[in-house]
Amino acid sequence: MTTELEYFLNDPRYGLKDRKVHSVYFGGGTPSLAKPSAIQAILETIRKQVGLSDDTEISMEANPTSIEQSKLKQFKQAGVNRLSLGIQSLNTQDLKMLGRDHTKEEALKSLSMAKDIFHKERVTFDLIYARPGQTTKGWESELQQALDIAGDHLSMYQLTVERSTPLHKQSLKGLLPSIPDPDTAADMYETTVRIAADYGYHHYEVSSYAKNQQAISRHNFSYWQGMDFLGIGPGAHGRLTDIQKNQRVRTFGEFHPDKYMALCEAEGEGIRKLQPISVHDMAEELIVFGMRTRMGIPRSRFSKMTGGEMLDLAIDTDALKLFMEANLLVQEDAVTDELRSFIPKELLYEWETGGGIRPTEAGLERIDYILPRLLKVKSIKD
Numbered sequence: 001m002t003t004e005l006e007y008f009l010n011d012p013r014y015g016l017k018d019r020k021v022h023s024v025y026f027g028g029g030t031p032s033l034a035k036p037s038a039i040q041a042i043l044e045t046i047r048k049q050v051g052l053s054d055d056t057e058i059s060m061e062a063n064p065t066s067i068e069q070s071k072l073k074q075f076k077q078a079g080v081n082r083l084s085l086g087i088q089s090l091n092t093q094d095l096k097m098l099g100r101d102h103t104k105e106e107a108l109k110s111l112s113m114a115k116d117i118f119h120k121e122r123v124t125f126d127l128i129y130a131r132p133g134q135t136t137k138g139w140e141s142e143l144q145q146a147l148d149i150a151g152d153h154l155s156m157y158q159l160t161v162e163r164s165t166p167l168h169k170q171s172l173k174g175l176l177p178s179i180p181d182p183d184t185a186a187d188m189y190e191t192t193v194r195i196a197a198d199y200g201y202h203h204y205e206v207s208s209y210a211k212n213q214q215a216i217s218r219h220n221f222s223y224w225q226g227m228d229f230l231g232i233g234p235g236a237h238g239r240l241t242d243i244q245k246n247q248r249v250r251t252f253g254e255f256h257p258d259k260y261m262a263l264c265e266a267e268g269e270g271i272r273k274l275q276p277i278s279v280h281d282m283a284e285e286l287i288v289f290g291m292r293t294r295m296g297i298p299r300s301r302f303s304k305m306t307g308g309e310m311l312d313l314a315i316d317t318d319a320l321k322l323f324m325e326a327n328l329l330v331q332e333d334a335v336t337d338e339l340r341s342f343i344p345k346e347l348l349y350e351w352e353t354g355g356g357i358r359p360t361e362a363g364l365e366r367i368d369y370i371l372p373r374l375l376k377v378k379s380i381k382d
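Numbering-wise (the UniProt record's numbering), the sequence shown opens with residue 1 and increments by one.
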């Protein structure tokens, strides 16, 4: 992967040599199975080519069954400074139902180990609610247990049963307890927001909670705000700006490892597809993803990413007015004290240069209802 990394960092089309690296994310399943030396080699390549500052977020995903104390220490020594554990549940029976290999006890042990090595400020984990057979009361109890042991960040997702997945097939055969209905799932969401707030967490994105500005996931926030990211490795995808053509593009890496390696050896990179992003699609993506966060959409970012288009031309202003009157959306011209809790420090300046539109807590809960009524990007031409 260092071959592909060097290729892109030196490609004049993207001008990455002159860019600051805000975050590095080792994801895609089980990166903790990699050798620490491989992680170190990748980080050293980035450091030599473009540099890494002391405040760069370097995250790694890990499964509770695949980490050992000695290896975690080696990952930290290699440069990883933030760990994301795929815990998903604190109920062993439900973990089996979800197809996970670890138990509740293994999850708790791995979390304790991670906090000892990376400290609680730099450890996050995820949970899934609205699982088959789960009740609001049961989720509340599990959530409180999780928050009692959590660090400064965690993610909580509502279960989505996709068609043709093992869980979906089991559900069709009646092999699973009933899945909570939409009203019960909504109750669980509201319970999550309320209890997390009681524990001092800011709800900064639909599924993400942080105790302070420093704990916000820079990697995820960059994705939601339409920033460039370089995807390296088999199956990795990225979003870059071709500065020679003044064109945003999506990159899609070759899935099959052997084919990916052959491409890298022959071409220097393992991209199977490069797709231009139209101004229309970029505008829609900025609104849809940006409104998942309490930061919302800064006007200056929207204009910059769409070649000078105005945000007001991409939304239904009548719908905006109605949602503002219902206290679901807010239009602000400056950074408020409340807003500072929801925005990484490097993005604060964007609100200071034109303000923007963002959801309230109530609006974030109803964002799937709001978005199709707010969007009007068809008025933007490519």
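Just so you know, even glycine gets a beta-carbon here, dropped at the ideal spot from N, CA and C.
Burial check for residue 188: the Cβ neighbour count within 10 Å reaches 16 or more, so the residue is buried. For a cut-off of 8 Å, the C-beta gap from residue 359 to residue 296 is around 6 Å, short enough to register as a contact.
With contacts defined by Cβ atoms closer than 7 Å, residue 248 and residue 282 form a contacting pair.
Unbroken beta strand (DSSP E) runs of no fewer than 3 residues, entirely contained in the region 200-226, are found at 202-205 and 208-210, following chain order. It is roughly 17 Å from the alpha-carbon of residue 13 to the alpha-carbon of residue 237. Straight across, the Cα-Cα distance linking residue 169 with residue 159 is about 15 Å. Rounded to the nearest angstrom, the gap between the Cα atoms of residue 206 and residue 327 is 17 Å. The C-alpha of residue 137 lies about 56 Å from the C-alpha of residue 244.
Under the criterion of beta carbons closer than 8 Å, residue 118 and residue 76 qualify as touching, at roughly 6 Å. DSSP places residue 290 in the uninterrupted alpha helix (DSSP H) bounded by 279-290.
Contact holds between the region 186-201 and the region 123-139, because three or more Cβ pairs, one in each stretch, are under 8 Å apart.
If you keep only unbroken beta strand (DSSP E) runs of at least 3 residues inside the region 131-183, you get 153-158. In terms of Cβ geometry, residue 59 and residue 82 form a close pair [threshold 7 Å]. Restricting attention to 66, 23 and 61, the CA atom closest to the CA of residue 51 is found in 23.
Non-local C-beta neighbours of residue 178 in its own chain, meaning closer than 8 Å and more than five positions away in sequence, comprise 132 and 133, ordered along the chain.
The DSSP-derived three-state label of residue 262 is helix.
Spanning the alpha carbons of residue 240 and residue 301 requires a straight line of approximately 15 Å. When Cβ pairs closer than 8 Å are counted between the two stretches, the region 333-341 is seen not to touch the region 362-369, the count staying below three.
Residue 125 carries a strand assignment under DSSP once its states are collapsed to helix, strand and coil. Here DSSP, grouped into helix, strand and coil, assigns residue 1 to coil. In the three-state reduction of the DSSP assignment, residue 331 falls in the strand class.
If you draw a straight line from the Cα of residue 9 to the Cα of residue 80, it is about 20 Å long. A straight line joining the alpha-carbon of residue 161 with that of residue 48 spans about 44 Å. Distance from the Cα of residue 30 is smallest, within the candidate group 20, 67 and 41, for 67.
Counting along the chain, the unbroken beta strand (DSSP E) around residue 275 starts and ends at 271-276.
The alpha-carbon separation between residue 123 and residue 203 amounts to approximately 17 Å. Three or more beta-carbon pairs drawn from the region 142-155 and the region 90-103 are found closer than 8 Å, and the two stretches are therefore classed as touching. For residue 62, the uninterrupted beta strand (DSSP E) run begins and ends at 57-62, by DSSP. As far as DSSP is concerned, residue 54 takes part in no beta bridge.
Check the Cα spacing between residue 227 and each of 273, 253 and 298: the tightest is with 298. Counting the other Cβ atoms within 10 Å of the Cβ of residue 265 gives fewer than 16, which makes it exposed. Looking at 231, 352, 353 and 251, the one whose alpha-carbon comes closest to that of residue 42 is 231. DSSP, read as helix, strand or coil, puts residue 14 in coil. When DSSP reads this structure, residue 247 sits in a beta bridge with 242. A Cβ-Cβ distance of about 6 Å is found for the pair residue 286 and residue 305, placing them in contact under the 8 Å criterion. Residue state for residue 359 is assigned as strand, using DSSP reduced to three classes.
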